[in-house]
Every structure is written in structure tokens, then in C-alpha cells.
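Read the structure below first, then the notes.
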Amino acid sequence: MHARLTSGFRARALFYYLKGGRVDYGEEHSRTYGHARFGRAYDRGHYPMWDEEHPAHFVGHSAGAQVIRLLQQMLHDKAFDGYENTSENWVVSVTSLSGVLNGSTTAYLGGIRPEDGRSIRFVCLAQIYRVGTTIYHWLDIPWLRRYYDFGFDHFGMSWRTVGVSGLPSLLAGTSGPFATGDWILPDLTIQNAARMNADVRTFPDTFYFSYATRRTTKFCGITVPSGVMHIHPLVFIHVMQLCRWRHFAAEPPCKGYR
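Once you know that position 121 of the sequence shown is 121 in my numbering, the rest is easy, because the numbers rise by one and skip nothing.
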């Protein structure tokens, strides 16, 4: 599991991706965040036999590690309608690769306000993400979507759905995922990671592993990412920011940061 721009509720999409069926984000969550309750349909799951007798190992990178932990908690809570027999034991192991398990200060670097962990500063990199992703989804060009999909289908942002008249509110951030905070960057803040960790358990019969990783190189004495051609243009600036990260010399960005 790797990170896209959708929020941690991708755990529900991951369940149906494996088991099969139409993604159900849940009535309460969908109503709260203003999107369709049902998402993509997987006619045949990628691991339809998945259950306690046929458990799986999960590997998550970056925010994907959060998603896997949330999925295991949902399995324990029997949160999927029509699947009353789920349990945490459907997961043998959770492996985190540079997982944002306790949040990341890079969320604030990208433009999330540390005061609330959700709203975006007026001038920041996250605004570029927001506008670029909105236009990307609104244009709904099939070959571009095949190249990279940010995963906001359930918000109905395509011109085929909202038309030209719906674009201004999307760009202004008064509708869509960026209006409600239902996207990945707020989930990566220290505050929201702490809230998630308060609700998500570790389980005695599951193996947990966490690895810190780095994929950078030096160019003229400057740390730069390896494999530049594999980085999506919309996140390239943020990747360069990550390469320049240093420990804070002054006060940390929010209360509770360690």
C-alpha cells in the first residue's frame, strides 16, 4: 500500500480491493465529508479467499502504513456491512516502510496550519496540490488517469459530473475533499496521527515491523532524490523539501511533538 492524496479512509477501499465488491465508505463518514457513500466496484477481488484461515501480510509505505493499521482496527470492529466475521487475525503482519505512524512535521511544511491540523495557509505548496489535483480530476482525461490516479472518484469532481459551473467552487475550496479536510495531508499531522493512534490498537497475534528508509543521493553537495524521473510532477517540489529536512532549531510546530 502506498500513499495517494485520499485520506486514511482508503482502508475501506483496500478491503474491497482485496475481497471484491463495491467500496462502501460508510453512511456517517460519507455524510460528514460530503461525498458519495459508494465508490469503485471490484467485480473480483485480488484476494477473495482472504479471511482468518487465509490471512495476509501487509506492507505500507509512508501514509500507507497508517492505512493498514486502520484497516486492521476496522476488521476487529467488524466495520464492513455484510462481513460480520472479520477479525484482526485476518492480518498476519504489518510492515511499515518510512511509515508516518506518529505524524510528520512535513505536513506543516507543506502548508497545513499547526493550530488546527486541517486548514491550509493561503500561500503554500498545499495550495498548488489542491488546485492542480482539482483541475486534474475535473479534466478527467483517461490516459492521464491511467498514468496516475489521486483517488477522488467518490467526490464526483469530473466535468462529466459537475460541468463547468461546478469548477469555481472546487477551485475555491468550498466543495470537494479540500473543503472538508478529507485528504491525506491533514491525516499526516501530529495532531491527527495522535487521534488515530488513540483509537487504533496493536494486537497480540500480529507481527509489527517498522523500517526507516532513505532514497537520496548527493549532487554538488546537495541532497537530492534518486530516480527523479519516477516522481510525479505535482509532488516534485515537496520531495525536494523532504530532502532538505533538518531537526528544528527552535520550538517544534505543535504541542506534543517529540
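Ideal Cβ placement from N, Cα and C applies to all residues, glycine included.
Using a Cβ-Cβ cutoff of less than 8 angstroms, which residues in the same chain neighbour H2 once the five nearest sequence positions on both sides are dropped?
Low per-residue confidence applies at H2: pLDDT is 45, beneath 50, and the placement is therefore not dependable, though the value from the model is reported in the following sentence. Same-chain partners within the cutoff: G60, H61, S62, G64.
Within a Cβ cutoff of 8 angstroms, which residues of the same chain sit near S210, ignoring the five residues on either side of it in sequence?
The answer, listed in chain order, is A65, T95, S96, G99, L101.
Specify, as a first and last residue, the run of the beta strand (DSSP E) that L97 falls within.
Looking at the DSSP string, the run of the beta strand (DSSP E) that includes L97 is 91 to 97.
Report buried or exposed for R259, applying the criterion of at least 16 other Cβ atoms within 10 angstroms of its Cβ.
No answer is possible for residue 259: the residues shown for the chain start at 1 and end at 258.
Following the continuous beta strand (DSSP E) through R40, name the residue where it begins and the one where it ends.
Here the beta strand (DSSP E) through R40 covers 38 to 42.
Could you tell me whether the region 184 to 195 touches the region 101 to 115, using the rule of 3 or more Cβ pairs below 8 angstroms?
Cβ pair count under 8 angstroms is three or more, so yes.
Output needed for A56: all residues of its chain with C-beta closer than 8 angstroms, excluding positions within five of it in sequence on either side, in chain order.
Excluding sequence neighbours, A56 sits near L18, Y47, W50, W90, V91, V92.
Based on DSSP bridge pairs, tell me the residues matched to D24.
In DSSP, D24 forms a bridge with F38.
Looking at S158 and D140, is the spacing between their C-beta atoms short of 8 angstroms?
Cβ atoms of D140 and S158: closer than 8 angstroms.
Where does the unbroken alpha helix (DSSP H) through I190 begin, and where does it stop?
Residues 190 to 199.
Taking its Cβ as the centre, do 16 or more other Cβ atoms sit within 10 Å of L144, making it buried, or is it exposed?
Looking at its Cβ environment, which holds fewer than 16 other Cβ atoms inside 10 Å, L144 is exposed.
Under 8 angstroms, with one C-beta from each stretch per pair, do the region 120 to 128 and the region 79 to 89 reach the 3-pair mark?
Because the criterion of three Cβ pairs below 8 angstroms is not met, the region 120 to 128 and the region 79 to 89 do not touch.
Taking all protein chains shown into account, decide if Y16 is buried (16 or more other Cβ within 10 angstroms of its Cβ) or exposed.
Buried, because 16 or more other Cβ atoms sit within 10 Å of the Cβ of Y16.
Less than 8 angstroms between the C-beta atoms of G82 and G45, yes or no?
Cβ distance not < 8 angstroms, so G82 and G45 don't count as in contact.
I'd like to know whether the C-beta atoms of R31 and V23 end up nearer to each other than 8 angstroms.
No.
Is the CB-CB distance between T134 and G176 below 8 angstroms?
In this structure, G176 lies closer than 8 angstroms to T134 by Cβ.
Helix, strand or coil for P55 per DSSP?
P55: coil per DSSP, three-state reduction.
What does H61 pair with, by DSSP beta-bridge criteria?
In the DSSP output, where bridge partners are listed per residue, H61 has L97.
Could you have a look at I222 and say whether DSSP puts it in helix, strand or coil?
In this structure, I222 counts as strand in the three-state DSSP scheme.
Could you pull the start and end residues of the beta strand (DSSP E) that F209 belongs to?
F209 -> beta strand (DSSP E) spans 207 to 211.
With respect to the alpha helix (DSSP H) encompassing F152, which residues constitute its N-terminal and C-terminal limits?
Careful: F152 lies outside any alpha helix (DSSP H) and carries neither H nor E.
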